[in-house]
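The structure appears right after this line, and notes come after that.
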Amino acid sequence: MKYLTFALAKGRLANKSLDLFEKCGINMEEMRDPDTRKLIFTNEELKIRMFLAKPSDVPTYVDYGAADIGIAGKDTLLEEGRKLYEVLDLGFGKCRMCVCGPQEAAQYLRHHQMIRVASKYPNIAKNYFYNVKHQTVEIIKLNGSVELAPIVGLSEVIVDIVETGSTLRENGLKVLEEICPLSARVVVNPVSMKMENERIMKLIKELKELTR
Ligand code: PRP
């Protein structure tokens with residue numbers, strides 16, 4: 001039997017993904033060790049391999065078939081825009097993609113002004129402003145702490161994830177528009193889905209029952 005390979009997004013979703021696999025009888029305890037330098041973990045009995053990757057790399061591994069199955073946030077999947085089968089919403093890691101800024105910036109959105117938009121998600125931001133709102137803006141790509149941008153005058157607004165809203169509150173910013181809801185998703189490589197259909201569908205069914 002061939003190994004089924006899983007790519008899991010590092011960070012916020014990792015422990016919850018591992019909890020879920022544990023409930024399915026797929027124990028990958030070693031992966032939780034924060035000190036390990038090991039990159040890939042194998043369950044010989046079940047013929048399963050798993051690794052953690054930078055969230056934005058998960059869709060890449062799955063697209064090329066280096067991983068059969070991936071778990072990543074909908075934000076990452078939208079931003080990367082790869083052709084994968086999204087088979088399950090795991091219902092955790094719930095948050096929202098929003099346009100945020102100081103209250104004064106609301107008028108720029110209302111009047112469709114040419115503003116600067118900072119984001120870790122330039123493709124999502126571009127798609128929203130150009131194809132949904134039909135507003136011409138300048139997108140500035142950042143790699144983190146995006147809330148700084150409107151505070152120091154790099155941009156008028158940001159496109160970012162809002163979970164509890166406390167980062168916004170503590171920095172005097174508000175949600176100005178909501179783009180879409182987000183959560184952790186399971187994605188499958190289309191060729192793997194054909195070649196390993198029975199194994200993959202059985203696993204998805206189990207995951208689905210556990211997340212209901
Ligand atoms: C994310 C996001 C917001 C924050 C939202 O950042 O970019 O900054 O979480 O959460 P909240 O609404 O509960 O405050 P993350 O911690 O992933 O780090 P980053 O600075 O690299 O974006």
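Per our numbering, the very first residue in the sequence shown carries number 1; after that it's consecutive. Glycine included, C-beta positions come from ideal geometry on N, C-alpha and C. Computed from a prediction, not measured in an experiment: that's the story for all the values here.
CA nearest to the CA of proline 55, picked from Lys47, Ile40 and Ile71: The residue labelled residue 55 in the question sits at position 55 within the sequence shown. Taking only the C-alpha atoms, the option nearest proline 55 is Ile71.
7 Å CB neighbourhood of threonine 136 in its chain, flanking five on each side removed: As a working note, residue 136 is residue 136 in the sequence shown. Around threonine 136: Met114.
Counterpart residues of asparagine 301 in DSSP-defined beta bridges: In the structure displayed, the chain extends from 1 to 212; residue 301 sits before or after that span and is not available.
Proximity of alanine 118 and lysine 141 at Cβ, strictly below 9 Å: As a working note, residue 118 is residue 118 in the sequence shown. As a working note, residue 141 is residue 141 in the sequence shown. For the pair alanine 118 and lysine 141, the CB atoms are nearer than the 9 Å cut-off.
Residue burial classification, asparagine 189 (beta-carbon count within 10 angstroms, cutoff 16): The residue labelled residue 189 in the question sits at position 189 within the sequence shown. It counts as buried.
Cβ neighbour criterion (16 or more within 10 Å) applied to isoleucine 40: Looking up residue 40 in the sequence shown gives position 40. So isoleucine 40 ends up on the exposed side.
Close beta carbons around cysteine 95, own chain, < 7 Å, minus the five adjacent residues each side: Reading the sequence shown from its first residue, position 95 is the one you call residue 95. Cβ within range, chain order: Ile161, Val162, Glu163 and Leu182.
Segments assigned beta strand (DSSP E), at least 3 residues, entirely inside the stretch 116 to 150: Counting only runs of at least 3 residues, the stretch 116 to 150 fully encloses the following beta strand (DSSP E) elements, listed from N- to C-terminal order: 116 to 119 and 138 to 141.
Exposed unless 16 or more other CB atoms sit within 10 angstroms - verdict on serine 17: In the sequence shown, residue 17 corresponds to position 17, counting from 1. By the 10 Å Cβ count, serine 17 comes out buried.
8 Å Cβ shell around arginine 32 - same chain, five flanking residues per side excluded: Residue mapping note: residue 32 aligns to position 32 of the sequence shown, counting from 1. Answer for arginine 32: Asn15 and Leu18, listed in chain order.
Continuous alpha helix (DSSP H) stretch holding isoleucine 204: start and end: If you number the sequence shown from 1, residue 204 lands on position 204. Looking at the DSSP string, the run of the alpha helix (DSSP H) that includes isoleucine 204 is 197 to 211.
Stretch pair the stretch 171 to 187 + the stretch 150 to 160: three plus CB contacts closer than 8 Å: Contact annotation: the stretch 171 to 187 touches the stretch 150 to 160, with at least three C-beta pairs closer than 8 Å.
DSSP state of arginine 32 mapped onto helix, strand, coil: Here residue 32 is taken as the residue at index 32 of the sequence shown, counted from 1. The answer is helix: DSSP assigns arginine 32 an H, G or I state.
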